Amino acid sequence: MKQMRLHYKHALDADSAQAFNQNLGEFKTYLKSAQAYDFSPERKVISLEGLDKVARFVDAIPPATADNLSLVQQELSTIDQLRTEYHKKAKPGLWEMFLSFFK
85 MKQMRLHYKH
95 ALDADSAQAF
105 NQNLGEFKTY
115 LKSAQAYDFS
125 PERKVISLEG
135 LDKVARFVDA
145 IPPATADNLS
155 LVQQELSTID
165 QLRTEYHKKA
175 KPGLWEMFLS
185 FFK
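First residue of the sequence shown: 85, per our numbering; consecutive thereafter.
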């Protein structure tokens with residue numbers, strides 16, 4: 085998830101269409117990995133629902149060009165609202181986060 089956030093941030097801060105597209109591609113790769121994660125049973129449904137919404141949203145963003153870079157960056161920025169919403173709904177417990185380091 086940290087790598088997803090990193091590439092998301094880099095895409096938002098990109099100063100070229102090429103950099104945006106590259107970081108968005110990396111974001112999508114990590115998103116697919118997150119969708120395959122073995123979430124705890126009590127968080128699985130809500131977590132996958134949120135990730136699926138993000139995937140549909142990101143897939144609808146057209147490739148960036150020099151002409152539309154700021155527009156697609158603005159579209160991408162709205163994903164942060166989904167992140168905030170679903171992190172509140174499926175916030176992992178302290179022990180769950182701690183134990184995940186040993187998996």
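Backbone N, C-alpha and C define an ideal beta-carbon position, used for all residues, glycine too.
None of these values were measured; they are calculated from a predicted model.
Check your understanding: Hey, is Gln87 close to the ligand NAP, as in C-beta under 6 Å from one of its heavy atoms?
Key -> As for the ligand NAP, it is missing from this structure, which has no ligand bound.
Review point. Taking the alpha helix (DSSP H) that Ser154 falls in, what are its first and last residues?
Key: In the DSSP assignment, Ser154 falls within the alpha helix (DSSP H) that extends over 153 to 161.
Practice item. Just mark Ser131 as buried or exposed, buried being the case when its beta carbon has 16 or more other beta carbons within 10 Å. Key: Ser131 comes out buried.
Review point. With burial defined as no fewer than 16 other Cβ atoms inside 10 Å of the residue's Cβ, what is the status of His91: buried or exposed?
Key: Answer is buried; the Cβ neighbour count reaches 16.
**Study point:** DSSP-derived helix/strand/coil call for Met85
**Key:** DSSP places Met85 in coil when its eight states are reduced to three.
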